[in-house]
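Undergrad: Residue numbers (this note's numbering): 3 to 243.
All C-beta atoms in this analysis are idealised placements derived from N, C-alpha and C, irrespective of residue type, glycine included.
I'd like to ask you about the structure that follows.
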Amino acid sequence: MIKFFRKIRQKMLTDNKYSKYLLYAIGEIILVVIGILIALSINNWNDRTNAKKAELSSLKELKNNLKSDIIDLENNIKTDSLVIISFDVIINNLTKTQKYHDSLAKHFGKLAGFTNFLNNSSAYESLKSSGLNKIINDSLRFKVINYYDLHSNELKTIEKEFINNAHHTYIKPYLIENFLYYGRNSRAFPNDYSSIVNDKKLLSIIESTKVNYVWKFELTKNCLVKAKELQKDLQILTKNK
């Protein structure tokens, strides 16, 4: 093909057809430029297609992670609501020095029934490593970052610094020392209920732990709302894809 055009060019030059040659040369340049532009356009189209595929794959992974997060958060809310009720029952009994009854063993046992958010962030961590810009939609990217770096981290922080610390430092040792305690989420029978009723230390521990636990409970509910909102957005963007 190149030899063919070269022969045409040489023939025009030998025949002194300079004007025709000039037009031919310009046309040849235009064709080359058009070819380059088409190649660049195809390359850009391929890049956009690959970027959309990478984004879709990441969004599907995030959606699957959120599904397990939502299940865990919902279960924790159910458990935490019962724990808070037990806090209230025990505080009421201790402050009013009411007589012991068997149902209290269940409530004392729930003092150690704290929950931990099992946040599944594998897809998000992978995204951070490869670049959060894989999420092309700016609004969605902000929601993803907000859910994981703000709401999830805030919840896990209070669980670690307040709830778990209170449990290991105060509640569990107290239960082991003063109760027939059979482990987490089981009944705890007081060795001497009268001494427990008069123990201001226990009341102080329970009241302070309850404050932090209620705080954790509200953070868990808020985290669930954010998880469901993000899940809804991801379902719309990945539907039938």
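Rounded to a whole number of angstroms, what is the C-alpha to C-alpha distance between A245 and L177?
TA: Residue 245 is absent from the model: the chain starts at 3 and stops at 243.
Undergrad: With a floor of 3 residues, list each beta strand (DSSP E) that falls wholly inside the region 119-203, ordered by position along the chain.
TA: 181-183, 190-192
Undergrad: Return the Cβ separation of F219 and D82 in integer angstroms, given the expectation that the two are a contact with Cβ distance under 8 Å.
TA: Right, the Cβ-Cβ distance comes to about 5 Å (below 8 Å), so this counts as a contact.
Undergrad: For N224, I'd like the list of residues in its chain whose CB is within less than 7 Å of its CB, leaving aside the five on either flank, ordered along the chain.
TA: H153.
Undergrad: Let me check you understand the geometry: is the CB of H170 closer than 7 Å to at least one non-hydrogen atom of the ligand ATP?
TA: As far as ligands go, the structure on display features none, and thus does not contain the ligand ATP.
Undergrad: Specify the secondary structure class of K223 as computed by DSSP and reduced to three states.
TA: Helix, per DSSP.
Undergrad: What is the DSSP secondary structure of D71, reduced to helix, strand or coil?
TA: helix
Undergrad: Of the choices H169, L226, N214, E161, whose alpha-carbon is the least far from that of K112?
TA: H169
Undergrad: Cα-Cα, which of N166, A125, D104, I137 is closest to T211?
TA: When only C-alpha atoms are compared, the closest one is N166.
Undergrad: Could you please give the first and the last residue of the uninterrupted alpha helix (DSSP H) stretch that includes F116?
TA: Element bounds for F116: n/a, residue is neither H nor E.
Undergrad: Sorted by chain position, which residues of the same chain lie with C-beta nearer than 7 Å to Y173's C-beta, five sequence neighbours on each side aside?
TA: First, the residue type needs correcting, since residue 173 is Ile and not Tyr in the sequence shown. Taken in chain order, the residues that qualify are L113, A114, I207, T211.
Undergrad: Smallest Cα separation from T222: which of K203, E209, Y149, Q233?
TA: Y149
Undergrad: Under 8 Å, do E163 and N118 count as touching if we go by C-beta distance?
TA: no
Undergrad: Look at the Cβ atom of H109, then the Cβ atom of V91, and state whether they are nearer than 8 Å.
TA: yes
Undergrad: Just the C-alpha distance for F7 and I31, rounded to the nearest angstrom, thanks.
TA: Caution is warranted here: a pLDDT of 48 is assigned to F7, below 50, making its placement in the model unreliable, and the coordinate value is therefore given only provisionally. The straight-line gap from Cα to Cα measures roughly 12 Å.
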